[in-house]
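**Q** In my numbering, the protein residues as written are 149 to 279.
Think of the CB as a built atom: it goes at the ideal place given N, C-alpha and C, for glycine as much as any other residue.
Values in this document were obtained by computation on a predicted structure and should not be read as measured data.
One structure is given below, represented as structure tokens, and several questions about it will come after.
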């Protein structure tokens, strides 16, 4: 049987692989997997522990995800290999959403998606330690 890379977070915040499907499923049902959640107007920025490794091409397990629901950056998704990076990016996304809302209110020609991707290159290199 193929290993799907199932993980859980222990009570002390450690991430461990859970090979037992039943134990993993029960943990996923009961656990609070929300790392951070911010609402701005009708926009939701959500960062969660996924529980399944999304590093399909190998490398360290990708277990956290930030998504934006609504607003100019709707459907933005980023995934991470550690909780600290996920939390740092959540806060960056909150600032990016606030900035894009303010700019689109003041300047109708402002393109929040284009601005975001230019800004994100710098943030990502900072989070990854390459910038």
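Using a threshold of 6 Å, is the CB atom of residue 205 nearer than that to any non-hydrogen atom of the ligand MN?
**A** Within the structure as shown, the ligand MN is missing, as the structure has no ligands at all.
**Q** The beta strand (DSSP E) that contains residue 162, what's its start and end?
**A** Counting from 1 along the chain shown, the entry for residue 162 is found at position 14. Careful: residue 162 lies outside any beta strand (DSSP E) and carries neither H nor E.
**Q** Let me know if residue 170 comes out buried or exposed under the rule of 16 or more other beta-carbons within 10 Å of its beta-carbon.
**A** In the chain shown, residue 170 corresponds to position 22, counting from 1. Per the 10 Å Cβ criterion, exposed.
**Q** What do you get for residue 201, buried or exposed, if any count of 16 or more other CB atoms within 10 angstroms of its CB means buried?
**A** As a first step, residue 201 must be located in the chain shown, where it is residue number 53. Classification of residue 201: buried, given that the 10 Å Cβ count is 16 or more.
**Q** Roughly how many angstroms separate the alpha carbons of residue 279 and residue 172, rounded to a whole number?
**A** For the purposes of this step, residue 279 is taken as the residue at position 131 of the chain shown. For the purposes of this step, residue 172 is taken as the residue at position 24 of the chain shown. Per-residue confidence for residue 279 stands at a pLDDT of 49, beneath the threshold of 50, marking its modelled position as unreliable; no derived number is given.
**Q** On a Cα-Cα basis, can you pick out the residue from 158, 153, 209, 161 that is closest to residue 167?
**A** Translated into positions along the chain shown, residue 167 becomes position 19. Ranking the options by Cα distance to residue 167, first place goes to 153.
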